[in-house]
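Numbering (our numbering), first residue to last: 36 to 182.
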């Protein structure tokens, strides 16, 4: 890839968003693994998995929010506003994923694994999530916030 093409790719918000999402996924998985190992002796397997899942997701979401705010969208919106909108978008996206996967699992033959349903659903939601974050969560300045 030529230098100018590589520079153009780095400047594309969508490519940076993809990188941010991948790095946040790594944080989520690493934190989950470490927390499971650390919490299991005190809490037992089931509770440690639940606690590790929630704590790792909170940590990875915080990382994702900050990377998106500063590096992906170069936002100038107030953190209170953008953090609230980020959380709202994340909760809605998670709910949509759960409902769509559950609904499609009920409509499709039982032989279709849930993961085979979840992957395309979450891929589609990834693009919707990008647009929602770009347009609403990290809008630059008052003019962009009012679009």
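Backbone N, C-alpha and C define an ideal beta-carbon position, used for all residues, glycine too.
For residue 59, the CB contacts under 6 Å within the same chain, skipping 5 residues up- and downstream, are 95, 98, 99 in chain order. Under the three-state reduction of DSSP, residue 114 is assigned to helix. DSSP places residue 47 outside both helix and strand once states are collapsed to three, so it counts as coil. Counting other Cβ atoms within 10 Å of its Cβ, residue 70 reaches 16 or more and is therefore classed as buried. In the DSSP assignment, residue 164 falls within the alpha helix (DSSP H) that extends over 149-167.
Going by DSSP, residue 106 is part of no alpha helix (DSSP H) at all; its letter is neither H nor E.
Collapsing the DSSP output to three states places residue 101 in a helix. The segment 117-124 makes contact with the segment 152-172; the number of CB pairs closer than 8 Å reaches 3 or more. In the displayed model, residue 174 falls within coil according to three-state DSSP, outside both helix and strand.
Look at residue 145 here: in three-state DSSP terms it is coil, with no helix or strand label. Secondary structure at residue 54: helix, using DSSP grouped into helix, strand and coil.
Counting the other CB atoms within 10 Å of its CB gives residue 107 a total of 16 or more, which places it among the buried residues. Non-local beta-carbon contacts of residue 104 in its own chain, meaning distances under 7 Å to residues more than five positions away in sequence, involve 110, 117, 173 in chain order.
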